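**Q** In the working numbering, the protein residues as written are 577 to 661.
Note that CB positions come from ideal geometry on N, CA and C, so glycine has one too.
In this text, all values refer to a predicted model and were calculated from it rather than measured experimentally.
Before we start, here is the structure in question, set down as structure tokens.
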Ligand SMILES: [Zn+2]
């Protein structure tokens with residue numbers, strides 16, 4: 577296959593290093609956590625927390641709430657990802 581699909585590229589003087597596309601893939605999950613949009617309101621029933629703009633904020637709220645309702649709620653970034661990705 578072409579160099580564009582390889583996981584690494586051969587850089588003179590550096591040897592094999594992750595290709596730009598591979599680096600982008602590695603950063604993608606962190607980027608999504610920070611930028612995937614979520615509903616303004618916490619999805620847990622009975623919780624009135626709101627003002628969320630990103631999955632990272634929502635996940636942080638779950639981490640600090642840590643009550644049974646939030647712990648048992650299956651928070652998944654997949655629920656908020658654009659479906660066409
Ligand atoms: Zn909540």
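1. Kindly provide the chain-ordered list of residues whose Cβ lies closer than 6 Å to any non-hydrogen atom of ligand 1.
2. Flag this pair as yes or no: are the beta carbons of residue 608 and residue 631 separated by less than 9 Å?
3. Should residue 579 go down as buried or exposed, given a rule of 16 or more other Cβ atoms within 10 Å for buried?
4. Measuring straight from C-alpha to C-alpha, what distance separates residue 586 and residue 652?
**A** Taking the geometry as given:
1. 618, 620, 623, 625, 637, 641, 646
2. Within the chain shown, residue 608 is the residue found at index 32, counting from 1. Within the chain shown, residue 631 is the residue found at index 55, counting from 1. Cβ atoms of residue 608 and residue 631: closer than 9 Å.
3. One-based indexing of the chain shown puts residue 579 at position 3. At residue 579, the pLDDT of 49 sits below 50, so the modelled position is not reliable and the matter cannot be decided from this model.
4. Sequence index remark: in the chain shown, residue 586 carries index 10 (1-based). Sequence index remark: in the chain shown, residue 652 carries index 76 (1-based). When rounded, the distance between both Cα atoms is 37 Å.
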